[in-house]
Amino acid sequence: MFSLKKLLLGEKTRLFMMVIIFIVFIVFTTRIILQEPKLLNQILYFIIMGFFAFFFVLSEVLRFVYQKGIEQLVIKCNPEEALILMNKLKKIDIIKGYQQSILVFKSLYYRDLGQFDQLDALINDATFQHSASLKLVKKVNEFYLSLQNNDLETATKLNKEINDIYLIKTKKRYSARPVYSLNQLNADYYLAKNNLSKAYDALREIHEESLNPREKTYYYISYAKYYQLKKQNKEELMLKQAKELGPNLAHVKHYQ
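Counting along the sequence shown from 1, when you hit position 166 you're at 1368 in my numbering, and nothing is skipped either side.
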């Protein structure tokens, strides 16, 4: 879960340390190279040093742009600005190290904007079969697409499969990482089935203080739906809180 203060402080500290390490590396390596008596060897060593320095700087730039994109998506709730940054990342990522991360980002982006046809096409990319975690991302998005299409039979099947994945206790390297809130997913499932008791139990298990702003919008909208079905006046309060964080997100803007 994202905390803006911790995220910024952690990244600033890390960036400061990386700059120090980079400066020490350049100074130390240059001193060693200048002690080399043969000019040809000096040139060769400088080329090698330049090669490592280039990829060091590139990796830091890629990480910086990626973190800024994620900040726009989950902290600022601004998927359009986040997409601009991710498109920049894609252009400069010559080593393709962020290819999978960009695909996962786009799955969040399409869902946030309610572009479900594009989301459906995206998760059918073969890349989502490359690891257990990516398969889980695909399965979770298939679950929400089935809810969107009022396909409760498929949603029930996927909900069981996702819960089974989360309940597996394993230390295997290729096991799926539980990056989604299972309680949020279960709450949405039970709301779709009009099982308000179980939906409320799932929502109560979510610790609001641990959620980032993007996650809070989904949390508040789920509560708004719960209160709507219960015919209680807290629905407007929850909708108001969601609008304060992400007024342009599809599930907030088009809430009924």
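Just so it is clear, CB atoms sit at the ideal spot from N, CA and C, and this is done for glycine as well. Here the structure is a predicted model, which is why all the values come from computation and not from measurement.
Here Leu-1338 is buried, its C-beta having at least 16 other C-beta atoms within 10 Å. The DSSP-derived three-state label of Asn-1397 is coil.
Closest by C-alpha distance to Tyr-1428, out of Ala-1401, Leu-1413, Ala-1323, is Ala-1401.
In this structure, the beta-carbon distance from Leu-1275 to Phe-1307 falls below 8 Å. Taking the CA atoms as reference points, Tyr-1300 sits about 16 Å from Tyr-1311. Between Phe-1345 and Ala-1357, the C-beta gap is smaller than 8 Å, which places the two residues in contact. One Cα belongs to Tyr-1457, the other to Tyr-1368, and the distance between them is close to 29 Å. For Ala-1328, no alpha helix (DSSP H) segment is defined, and its DSSP state is neither H nor E. Burial check for Leu-1264: the Cβ neighbour count within 10 Å reaches 16 or more, so the residue is buried. Leaving aside the five residues that flank Ile-1249 on each side, none in its chain has a CB nearer than 8 Å to its CB. Glu-1410 is positioned such that its CB atom lies closer than 8 Å to that of Tyr-1421. For Tyr-1391 and Ile-1223, the gap between their C-alpha atoms comes out near 49 Å. Taking C-alpha positions only, Leu-1387 is separated from Glu-1446 by approximately 23 Å. Contact between the segment 1289-1305 and the segment 1323-1334 is established, with three or more Cβ pairs separated by less than 8 Å.
By the 16-neighbour rule on beta-carbons within 10 angstroms, Pro-1449 is exposed. Going by beta carbons, Val-1454 and Ile-1423 fall inside the 8 Å limit. In this structure, the CA atom of Ile-1277 is about 15 Å from the CA atom of Val-1267. Burial check for Asn-1361: the Cβ neighbour count within 10 Å reaches 16 or more, so the residue is buried.
With a cutoff of 8 Å on beta-carbon distance, Leu-1349 and Ala-1452 are scored as not near each other.
Unbroken alpha helix (DSSP H) runs of no fewer than 4 residues, entirely contained in the segment 1287-1351, are found at 1301-1314, 1318-1324, 1334-1350, following chain order.
Glu-1355 is classed as exposed because its beta carbon has fewer than 16 other beta carbons within 10 Å across all chains shown.
Between Leu-1321 and Asn-1289, the C-beta spacing is not below 8 Å. Sequence-distant partners of Leu-1305 (beyond 5 residues in either direction) whose C-beta falls short of 6 Å from its own C-beta, in its chain, are Thr-1329.
Glu-1417 sits in a helix when the DSSP states are folded into three classes.
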